[in-house]
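Quick notes on the structure that follows.
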Amino acid sequence: MKFRSLRRVFAYINLWGLRLTLFKVLGRLRLGFIRFLPLKKRNILVIGCGQFAFSSLMPNLLKNFFFSPIRYAYDIDKKNMITFCKTFRCEPLDDILSFSKKEINLAYICSSHSSHFEYTQQLLKSNINVYCEKPLTTSIEQVYELYSIIKQYNSKIYAGYNRPHSPLITNIKEHFLKHKPKNLNILCSIYGHYLENNHWYRDPNQGSRIYGNLSHWIDLANHIMNWPLEKPKMISIEISYLDDKYQDENLICILKSSNSITMNLNFYALFEPFLGVHETIEFSSNCFNARINNFKKLKLESKNEYKNIRYSQKNAGHRQAISQPISNEYRDPREFLMSEILTYYIWQMTLNKNTFFELNYEKEYEKLNKIY
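Taken in order, the sequence shown gives residues 930 to 1301; the numbers are from the numbering used here.
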């Protein structure tokens, strides 16, 4: 077992690089003697101190690799909160708003999915900018209420959907906008984590694996369907179920937009991949083809051009997404809220094991625009 773990660490170094791998290991071990230095100006609150916050969020927030900008942290799991606070030199909170609002101007929410909306709306109403990991909501009513809050307050919201921010996706987007293909067909194969029967993702209140996992690629599909000048009017959804036990994994979900973009999402989780989530994405059009291998390699070809780009480590857009509030990159909330709406309807389909649904995308988008 130890040899297998050591092999996995070396394989992770090859995939993620040494620094990110160390943070992933530290997040599991929570070694109390490792402490980072506090930054003089600390104005960030972190809600949810689990593995994501430790191994994905913090490596991208530390200044000059060693200085922590976190002032406060909160988690219902006191052990997670205390170990996080000790490591990153921040103060634990008894309540998410038990601090002076002058001290904090940005909050990162990495808690359980069902808590995201409640924390987000409280902070936005306190005029604190919010970065919320996906999903932002777990019901369609929350989507409408969240957009109403966004329009009423000056605070900004950033979504933790990272694939649209990956340089591999932005590279393909530039190619799309340059060549303006008449159609685009995408095949996305995802090998996700194997989850035990009692995993918290399986709690009905958390929105199942549709919200917990597939929402990342539903958002990517929605993002791509908004590349053409004309937004989609309709999106049809077809689902083939490959698992008799669970309806939210081992499935094929096909999304077809009225503006000639089709995305096949093949999501498998039959056993734990050695290196965690693995994905391949293939793009085919009348102007170019492109292939992404686990967000580490990109091959892109057109009639007069061929690119073969290899990155030193996997880049699915985590760093770019987490850095949105710092880099002042601001994605239109209506776009990722439409992803939340799509996710909701796909979740409803899996609950009832429905195989086909047609979403009036234009109508839903207009409904958002009319919210005050």
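All C-beta atoms, glycine included, are put in the ideal place defined by N, C-alpha and C.
- Boundaries for Ser-1144: no beta strand (DSSP E) harbours it, while the alpha helix (DSSP H) harbouring it runs 1144-1154, taken from the DSSP string.
- Residue range 1262-1281 is occupied by the alpha helix (DSSP H) that includes Glu-1264.
- Collapsing the DSSP output to three states places Leu-947 in a helix.
- Annotated as proximal: Asn-1058 and Ser-1084, with beta-carbon spacing under 7 Å.
- Pairwise C-beta distances place the segment 1049-1067 out of contact with the segment 1190-1201, as fewer than three of them are shorter than 8 Å.
- Counting the other CB atoms within 10 Å of its CB gives Trp-1129 a total below 16, which places it among the exposed residues.
- Looking at the DSSP output, Val-975 shares a beta bridge with Ala-1002, Tyr-1037.
- For the pair of segments examined, the segment 1118-1134 was found not to touch the segment 1239-1253: the number of CB pairs separated by less than 8 Å stays below three.
- Looking at the backbone, the Cα of Lys-1185 and that of Met-1278 are separated by about 16 Å.
- For Ser-1231, the uninterrupted beta strand (DSSP E) run begins and ends at 1226-1231, by DSSP.
- Counted as a single uninterrupted DSSP element, the stretch harbouring Glu-1047 is not any beta strand (DSSP E) but the alpha helix (DSSP H) occupying residues 1045-1054.
- Annotation: the continuous alpha helix (DSSP H) that includes Leu-990 extends over 987-990.
- Around Ala-1088, the same chain offers Cys-1061, Lys-1063, Leu-1065, Arg-1260, Phe-1265 as residues with beta carbons nearer than 7 Å, after the five sequence neighbours per side are excluded.
- In the DSSP assignment, Glu-1167 falls outside any alpha helix (DSSP H) and within the unbroken beta strand (DSSP E) covering 1164-1170.
- Between Glu-1269 and Val-1072, the gap from beta carbon to beta carbon is short of 7 Å.
- Judged by DSSP secondary structure, Cys-1216 falls outside any beta strand (DSSP E); it is assigned neither H nor E.
- The C-alpha of Ile-1147 is placed about 16 Å away from the C-alpha of Phe-1285.
- Here Val-1059 is bridged, per DSSP, to Ala-1036, Ile-1086.
- Between Asn-1056 and His-1247 the beta-carbon gap is near 27 Å, outside 8 Å, which marks them as no contact.
- Around the beta carbon of Asp-1023, fewer than 16 other beta carbons sit within 10 angstroms, so the residue counts as exposed.
- Residue environment: Asp-1172 is assigned as exposed (fewer than 16 neighbouring CB atoms within 10 Å of its CB, all protein chains considered).
- Here the C-alpha atom of Lys-1299 lies approximately 21 Å from the C-alpha atom of Thr-1067.
- Rounded to whole angstroms, the separation of the alpha carbons of Glu-1201 and Arg-957 is 17 Å.
- With respect to the 7 Å criterion, Glu-1230 and Asn-1218 are classified as neighbours on the basis of their beta carbons.
- Within 10 angstroms of the beta-carbon of Gly-961 lie fewer than 16 other beta-carbons, which makes it exposed.
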